[in-house]
Structure formats: structure tokens, C-alpha cells
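Here is the structure we will look at, set down as C-alpha cells.
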DNA sequence: CTTGAAGCTCAAGTAGCTTCAACTCTTATG
DNA sequence: CATAAGAGTTGAAGCTACTTGAGCTTCAAG
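Chains as they are written, first to last, in the numbering used here: chain A, 1 to 143; chain B, 1 to 143.
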């Protein structure tokens, strides 16, 4: 029951778009599928499975090159699942680092907005103390 | 006291790199500076101030095109500081949205790692239930 | 005067796709 | 069977915000 899928059908089932699928094929992340007489790509269940895996990894934020590693872990009988765990741990760490950066950014931006409310009366550019602060070397109002 | 700065000195004082400064010049975010006889760029305090402002906006996560707007707010006498506040508010909202995404990602990755610990004994690829889950359509272990 | 650091220009590379132009193929309907 | 819409094809360029590289010139210190 390995029903044939067009690129559009594969896209719908996997959550990728047709151009993305062609792109993955181009960079060697997906195999080159069989073609119909007219040249249209034909996919099967195995392709859907693999693409689903790839999309899921991408949703997890893994960069393409790491996805390549992960795919090879799946297909290589000799490599272990703990490799996936370790890669996921690394990924978790970088997600957390990025979140910490964003938290700082959030705090700074919040301060900037608050300062704009408190210290400026909505005056024009050159009179605004906030804009002056932003342009001054050293620490900034929300820095 | 408008001491002259080389591109390297400007870089050190502003936190940008020389290539980045040249890039900003190329895209019209910084004016074209005067040159010495040998062709080297010469900057002044005004350039440092402007670049500091730009870098700070970039650190806040504003995209280049919005920085362009912000710079014009500064230089246009008729436009008000509240514009900056509004842009900062928008930016704050998108930072928060991005953070929410990352929080979900963190939770999912955490689950993935936990599942790998709990359900797999570190077996090889084809035997790992986690890898199966990731490739299966529909919901995933940490989905 | 020599040497090494810093600067110059222009071009290409990075990630991860998306979008475009200019076609061809398939499928549904009349 | 004709036709028109929609889906598919290709290769190339575009996107963000820079970074890197090649190959050369200039500057500052000793």
C-alpha cells in the first residue's frame, strides 16, 4: 500500500512546501525520487516518513547540518539513540542561551519604552532625551 | 575637539567591526566619510554618535530597515519621540512572541531528552522508539 | 628603510529557504 | 476531444545582515 504522492501531496502531508522539498532534494537531504513520464516527481511512504522526521527536527530548531547527522543516525544500524539524546541536549542548551539573550532584550526594551513614557513628553526628535541617550557612548537609558 | 578616527578606532569605540562599518556605508546607513590622501576613511565624533545609535538599535533587535527609520526620526526635526516608543513597543511584542516560541521549543526538547533517557536503553538506531516517533506522522513523543 | 599591522576594493559565501520567469503536464469539465 | 485551470518543471536570483577572502596599498613604529 505504498501509495504514490505528488510533490504537492507530500507537501500537504509533511508540512513543507514544494519548493522546500525540491530544495532538500538539491542539498541531498532527500533522495531523488522517481519521475513520471512527464517528469513529475513521485514519492512514497518512506519519503513521507523521512521528510516528517526532517521537518520535526527543523521545528526543534536543529540546523540543517545537524539534521543531516540525525538522519544518518536513523539509517545507520551501528549508531545509537544516545547520539540523538546528546544532540538534543546541545540543542536545548543553545535554545536556553538564546532565550536568556531575549530576556535581556525584553527587559531593555521595556525600560526604553517606559523611559519614553516617563521622561519625554513626546517632543520632536532633537529634544528627546531618549534619542540622545541612545546615541551617547557608554551606558544607555535601557542599556 | 572633533578628533579624527580611523575605521579601526571607530570600530573599537562603537563595538562594530571595520567590515560592518564599510557595509553600513555601502547600504547608506552611514554617510561616506572623508578620506586621507592614501584613501583611508576618516571619521569624527558625529559618526561615532550615529554608529553607536545604530549598533544600540541593532542590539535591541531592530532590523536594519527599522533602524533606518529610527535614524531618520533623530535627524528629522519635525518627527517626534513617540514614534520611537511605538517602534520599540512593536519590537517588544515580537521579542515576546519569539520568546514564547522558544519556550515551547525548550519544553519539547526537554521532553525529547527525557524520553530518550526513559524509554530507550541506548540501543542502535533502528531499535530506538524515539527515532520511530520522530519519523511518524501525527503527534510525536515531544510534539 | 624595513616590517607588520591596518586599510583598501570587489566579489563571493553564509543559512534556509522563497520568489520569479517561462515553460510543460495533468485533470476536470463541456 | 478540446480546452482551461491548476499543479508541476527548471534554473537563477533574492532575502538578512553580515563575514570572509584575495590581492593589493598605506601607515606607523623602530
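Positions of the beta carbon are idealized from the N, C-alpha and C atoms, including for glycine.
Check                                                                                                                                                                      : Outcome
What are the start and end residues of each continuous alpha helix (DSSP H) run of 4 or more residues lying completely inside the segment 8-92 of chain B, in chain order? : 18-26, 45-59 and 64-75
Just to confirm before moving on: does the CB-CB distance between residue 105/B and residue 61/A stay below 8 Å?                                                           : yes
So, is residue 26/A buried or exposed, given that buried needs 16 or more other C-beta atoms within 10 angstroms?                                                          : exposed
Would you mind reading off the limits of the alpha helix (DSSP H) that contains residue 2/A?                                                                               : Here residue 2/A belongs to no alpha helix (DSSP H), and DSSP marks it neither H nor E.
Is there a C-beta anywhere in chain B that falls below 8 Å from the one on residue 88/A?                                                                                   : yes
Touch check for the segment 51-61 of chain B and the segment 16-36 of chain B: three-plus C-beta pairs under 8 Å?                                                          : yes
Are the C-beta of residue 98/B and some C-beta of chain A separated by less than 8 Å?                                                                                      : yes
What is the DSSP secondary structure of residue 118/B, counted as helix, strand or coil?                                                                                   : helix
Using the Cα positions of residue 107/A and residue 16/B, report the straight-line distance between them to the nearest angstrom.                                          : 23 Å
List, in chain order, every chain B residue whose beta-carbon is nearer than 7 Å to that of residue 91/A.                                                                  : 109
Am I right that residue 84/A and residue 102/A are in contact with their C-beta atoms under 8 Å? What's the rounded C-beta distance?                                       : Residue 84/A to residue 102/A, Cβ: 26 Å. No contact.
Could you tell me which of 128/A, 6/A and 20/A sits nearest to residue 76/B, measuring between CA atoms?                                                                   : 128/A
Please classify residue 50/B: is it buried, with 16 or more other beta-carbons within 10 angstroms of its beta-carbon, or exposed?                                         : buried
Alpha carbons only, please: which of 131/A, 33/A, 28/A and 130/A is nearest the one belonging to residue 5/A?                                                              : 33/A
How many Å lie between residue 74/B and residue 31/A at the Cα?                                                                                                            : 53 Å
Apply the 10 Å Cβ neighbour rule to residue 135/A and answer buried if 16 or more other Cβ atoms are within range, or exposed otherwise.                                   : buried
Compare the C-beta of residue 7/B against all C-beta atoms of chain A and say whether one is closer than 8 Å.                                                              : no
Decide if residue 119/A is buried, meaning its Cβ has at least 16 other Cβ atoms within 10 Å, or exposed.                                                                  : exposed
Output yes if chain B places a C-beta closer than 8 Å to the C-beta of residue 4/A; else output no.                                                                        : no
Identify which residue in 63/A, 93/A, 45/A and 91/A has its Cα closest to the Cα of residue 9/A.                                                                           : 45/A
Whose Cβ in chain A lies nearer than 8 Å to the Cβ of residue 106/B?                                                                                                       : 92, 95, 96 and 99
Quick one: is residue 14/A buried, meaning 16 or more other Cβ sit within 10 Å of its Cβ, or exposed?                                                                      : buried
Can you tell which of 93/A, 65/A and 7/A has its C-alpha closest to the C-alpha of residue 39/A?                                                                           : 7/A
Mapping DSSP to helix, strand and coil, what is residue 97/A?                                                                                                              : helix
Checking contacts by CB at 8 Å: is residue 30/B closer than that to chain A?                                                                                               : no
Going along the chain, which residues of its own chain have a beta-carbon closer than 7 Å to the beta-carbon of residue 11/A, five neighbours each way excluded?           : 17, 18 and 21
I believe residue 88/A touches residue 116/B by the beta-carbon criterion, under 8 Å. Please report the beta-carbon distance rounded to the nearest angstrom.              : 7 Å
Please list, in chain order, the chain A residues whose beta carbon lies closer than 8 Å to that of residue 13/B.                                                          : 137
Using a Cβ cut-off of 8 Å, which residues of the segment 72-83 of chain A contact any Cβ in chain B, in chain order?                                                       : 73, 74, 75, 76, 77, 78, 79, 80, 81 and 82
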